[in-house]
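J.: Take any residue in the sequence shown, count from 1 to its spot, add 1070: that is its number in the working numbering.
To start, I am sharing the structure in question, which I have written as structure tokens.
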Amino acid sequence: YLEPAKLVGWMAQRKSQPTLTLMDEEGTAGKAYGARTTPHMYIVNPQGQLVYAGGIDSIPSSNADDIKKAVNYVKQGLGEALAGKPISAATTRPYGCSIKYKS
């Protein structure tokens, strides 16, 4: 976690250019979407409907070689959504470190 002011410098150092960054210090959005892990990925369509919730991919591993073998659920879901198709795996199991919300 970085304070919002420090996050800007951190992203600049890494040449990161996100189109949008949500700083959810109180956990309002995370709790509303039921986020349990970091990362816990979501795809929201232009109508504001949640169309995907779950893990980034199909293999809960930190091994870089597993990335090549995994199904990237986010890439797959975005492709299907942009093509006007229903998401084939609309909900998957998220994995990662548990989120610790403020009380």
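All C-beta atoms, glycine included, are put in the ideal place defined by N, C-alpha and C.
Since this is a predicted model, take the numbers as computed values, not measurements.
My assumption, with CB atoms under 8 Å, is that N1142 sits in contact with I1126. Please give the rounded CB distance.
T.: The residue labelled residue 1142 in the question sits at position 72 within the sequence shown. The residue labelled residue 1126 in the question sits at position 56 within the sequence shown. That pair is a contact at about 7 Å.
J.: Considering Cα atoms alone, identify which of Q1146, G1124, K1155 is closest to H1110.
T.: Indexing the sequence shown from 1 puts residue 1110 at position 40. The shortest Cα separation from H1110 among Q1146, G1124, K1155 belongs to G1124.
J.: Tell me which residue opens and which closes the beta strand (DSSP E) that Y1143 is part of.
T.: In the sequence shown, the residue the question calls residue 1143 occupies position 73. First-last for Y1143: 1143-1152, but that is the alpha helix (DSSP H), not the beta strand (DSSP E).
J.: Mind checking whether the beta-carbon of L1148 lies closer than 6 Å to any heavy atom of the ligand NAP?
T.: Among the components modelled here there is no ligand, and therefore nothing to report on the ligand NAP.
J.: Keeping to the same chain, check which residues put their C-beta closer than 7 Å to that of E1096; ignore five residues upstream and five downstream.
T.: Residue numbering aside, residue 1096 sits at position 26 when the sequence shown is read from its first letter. Cβ within range, chain order: K1172.
J.: From the DSSP output, in three-state form, read off Y1071 for me.
T.: As a working mapping, residue 1071 is identified with position 1 in the sequence shown. Here Y1071 sits in coil by DSSP.
J.: How close, in whole Å, do the beta carbons of Y1122 and A1160 come, if the pair is a contact with beta carbons under 8 Å?
T.: Against the sequence shown, residue 1122 aligns to sequence position 52. Against the sequence shown, residue 1160 aligns to sequence position 90. Going by Cβ atoms, the distance from Y1122 to A1160 rounds to 6 Å, so yes, they are a contact pair.
J.: When DSSP builds the beta bridges, which residues end up paired with G1124?
T.: The residue you call residue 1124 lines up with position 54 of the sequence shown. Answer is M1111, bridged to G1124.
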